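Engineer: Once you've had a glance at the structure underneath, I'll fire off some questions.
Protein chains in written order, with our numbering: chain A, 169 to 349; chain B, 112 to 286.
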């Protein structure tokens, strides 16, 4: 039973010389020496282990801090890469759109140029066809006029070539053939 | 018909006419009949139609020529038509005329005119052609209204053209 129990139980006599809270001197001395011995032993044998454990813990915490710092740096790098990549994607998108616009403009320009050329070619062909048709019609008309003229001339000649004219031509032929050799 | 067969018929006709002593007259009549045959589709069809019996075709020849040709001429044409060689009649006759002309050292000269020539004109034309070609000619005149006016003469491969028809054709070409 400790002192508080003794007091509570009422078994202590307050008139006794022993102080209820303060131990006897001898006990203090022995206890102090024993405590010094224990603390010395602890200091000697358990201290290094404790120091080592603390050092290890410190190192582990430091390693964790370093790892966290590295992870933070890596995350920041990745974030920067992602932001840069996002910027590149935007730039690529802009470039692709610009290229598409340029190609569309080229295609439209080529198409317009081709259509203009085809229209010009069609106009030229139409003009050539019209000219050719005009020439052909002119030729046909001239041939028709020539044929009709020859026909009319033949009829007129047949009507005007009387017997005397026929005889004159025969005589002319005989004279012409006779004079040639 | 082959050339040999045509020549055979021509030689036979030539010998018959010469034996009869009417070569010049028969030759001239045959030549004029050949030109009529060439220019008449109806006559050509009538004399070459295989569906018409031979004696009927010969009857056509005799009724056409009748007394307008010598009996020898009628018989010779009738013989050719009756043997089914009517299609070759012009070639046979031309060969006969050439043979007859060569027998007299003459070259056949064909003159086409819109109107008939007088005997005097024929004589002077024959002389003129002989002068122009350097060969004595056996002149055959064909009246061909298609020449319109003037004369076209053919001697061998030589053609002397003085017809109105040719001048009209030239004018038409120029136009």
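A virtual CB, placed ideally from N, CA and C, is assigned to each residue, including glycine. From a predicted model like this one, the values you see are computed outputs, not experimental measurements.
#1: Quick one, which residues of the region 239-252 of chain B are near chain A if we go by CB-CB under 7 Å, in chain order?
#2: Using a Cβ distance threshold of 8 Å, determine whether the region 149-162 of chain B contacts the region 233-240 of chain B, with at least three qualifying pairs required.
#3: For residue 126 of chain B, count neighbouring C-beta atoms within 10 Å of its own C-beta (all shown protein chains included) and say buried if the count is 16 or more, exposed if not.
#4: Thinking C-alpha only, which one of B:227, B:117 and B:283 is nearest residue 199 of chain B?
#5: Among A:332, A:321 and A:342, which has the Cα closest to the Cα of residue 275 of chain B?
#6: Tell me, please, whether the CB atom of residue 318 of chain A is closer than 7 Å to any CB atom in chain B?
#7: Sort out for me which residues DSSP pairs residue 249 of chain B with in a bridge.
#8: Considering only their Cβ atoms, is the gap separating residue 180 of chain B from residue 171 of chain B smaller than 7 Å?
#9: Quick one: does residue 332 of chain A have its CB under 7 Å from some CB of chain B?
#10: Assuming contact is defined by CB atoms lying nearer than 7 Å, are residue 249 of chain B and residue 219 of chain B in contact in what I supplied?
#11: If you reduce the DSSP assignment to three classes, tell me which class residue 262 of chain B lands in.
#12: Quick one: which chain A residues come within Cβ less than 7 Å of residue 170 of chain B?
#13: Applying a beta-carbon distance threshold of less than 9 Å, which residues of chain B neighbour residue 315 of chain A?
#14: Does the beta carbon of residue 345 of chain A come closer than 7 Å to any beta carbon on chain B?
#15: Assign residue 204 of chain B to buried or exposed, taking buried as 16 or more other Cβ atoms, counted over all protein chains shown, within 10 Å of its Cβ.
#16: Could you give the C-beta distance for residue 346 of chain A and residue 115 of chain B, rounded to a whole number, given that I count them as a contact under 8 Å?
#17: Can you give me the start and stop residues for the alpha helix (DSSP H) that residue 328 of chain A sits inside?
#18: Measure from the alpha carbon of residue 135 of chain B to the alpha carbon of each residue in B:213, B:190 and B:194, then state which is nearest.
#19: Looking at residue 145 of chain B and residue 210 of chain B, is the spacing between their C-beta atoms short of 7 Å?
#20: Which bits of chain B does residue 329 of chain A rub up against, with CB to CB less than 8 Å?
#21: In three-state DSSP terms, what is residue 277 of chain B?
Structural biologist: With the given structure in hand:
#1: 239, 240, 242 and 243
#2: no
#3: exposed
#4: B:117
#5: A:321
#6: yes
#7: B:219
#8: no
#9: no
#10: yes
#11: strand
#12: Those do not exist, as residue 170 of chain B stays about 37 Å from chain A at its closest Cβ, beyond 7 Å.
#13: 283 and 286
#14: yes
#15: buried
#16: Residue 346 of chain A to residue 115 of chain B, Cβ: 39 Å. No contact.
#17: 215-328
#18: B:213
#19: no
#20: 225, 259, 260 and 275
#21: helix
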